[in-house]
Amino acid sequence: MSTQDYSDIQQATEQQAQETAEAQGQPEANAELSIETLQAQLATLATAYESAKEQSLRAQADAQNARRRAEQDVEKAHKFGLEKMVNDLLPVVDNLERALASIDPANEAFAAFIEGIQLTHKSFVDALLRHQVAVVNPEGEPFDPNLHQAVSAVPNPDVEPNTVLNCFQKGYTLHGRLVRPAMVVVSKAP
Numbered sequence: 316m317s318t319q320d321y322s323d324i325q326q327a328t329e330q331q332a333q334e335t336a337e338a339q340g341q342p343e344a345n346a347e348l349s350i351e352t353l354q355a356q357l358a359t360l361a362t363a364y365e366s367a368k369e370q371s372l373r374a375q376a377d378a379q380n381a382r383r384r385a386e387q388d389v390e391k392a393h394k395f396g397l398e399k400m401v402n403d404l405l406p407v408v409d410n411l412e413r414a415l416a417s418i419d420p421a422n423e424a425f426a427a428f429i430e431g432i433q434l435t436h437k438s439f440v441d442a443l444l445r446h447q448v449a450v451v452n453p454e455g456e457p458f459d460p461n462l463h464q465a466v467s468a469v470p471n472p473d474v475e476p477n478t479v480l481n482c483f484q485k486g487y488t489l490h491g492r493l494v495r496p497a498m499v500v501v502s503k504a505p
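Throughout, the numbering used here is defined as the position within the sequence shown, counted from one, plus 315.
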């Protein structure tokens, strides 16, 4: 082997060693870049995760609120679904009461008739009570505009002003909600 060949081999070996050293130095630089890149990606993913988690929690809360609202709507529909029917039946109760008021109870010829109307009226009112329909008959009580409708005001020194003197037509509530106000005459100061 000539000196020239030996020198070429040595030079090639040194060059290869230098390239290997550079290649080994590059991964360290690449590793540093990769760590920084990975940290940035990790921060981005953490932010995206928090955002997705927050959106998920909001969606769950919205779903729960919608479910609760739907349950309340069903409950209200169940409770107050009878309101229209109750409004249609109240004139029947009024007419039974008017029939009883118009018949002379002293007349023996109408005794069976009166008893029949009374029993019909009682069973009708009892049926309404079973369905949470309550009577508002405020005679002698203070006037309440939430439950009563004043037809007129009459001066009366014997009672305090705004006291219900007479009830022309009874009012009714369904589960505590006013279906029909009581039509009343109230007192006023003389």
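We put the beta carbon where it would ideally sit given N, CA and C, even for glycine.
Just so you know, these numbers come straight off a predicted model, no measurement behind them.
Residue i and residue j closer than 8 Å at C-beta
i           : j           : result
residue 498 : residue 466 : yes
residue 486 : residue 440 : no
residue 476 : residue 502 : yes
residue 461 : residue 489 : no
residue 446 : residue 397 : yes
residue 433 : residue 415 : yes
residue 514 : residue 470 : Since the first and last residues shown for the chain are 316 and 505, residue 514 lies out of range.
residue 271 : residue 412 : Lying before the first or after the last residue shown, residue 271 is absent from the chain, which here runs from 316 to 505.
Reduced DSSP secondary structure (H/G/I, E/B, other) of residue i
i           : result
residue 436 : helix
residue 300 : Because the chain in this structure spans residues 316 to 505, residue 300 falls outside the shown range and cannot be described.
residue 463 : strand
residue 452 : coil
residue 380 : helix
residue 428 : helix
residue 397 : coil
residue 457 : strand
residue 481 : strand
Identified DSSP bridge partners for residue i
i           : result
residue 503 : 470
residue 486 : 451
residue 493 : 488
Classification of residue i by the beta-carbon crowding that lies within 10 angstroms, buried from 16 upward
i           : result
residue 495 : buried
residue 428 : exposed
residue 360 : exposed
residue 453 : buried
residue 479 : buried
residue 443 : buried
residue 458 : buried
residue 463 : buried
residue 408 : buried
residue 401 : buried
Would you mind listing the alpha helix (DSSP H) stretches within the region 348-374 that are 4+ residues and don't spill past its ends, in chain order? Fully contained in the region 348-374 is no alpha helix (DSSP H) run of length 4 or more.
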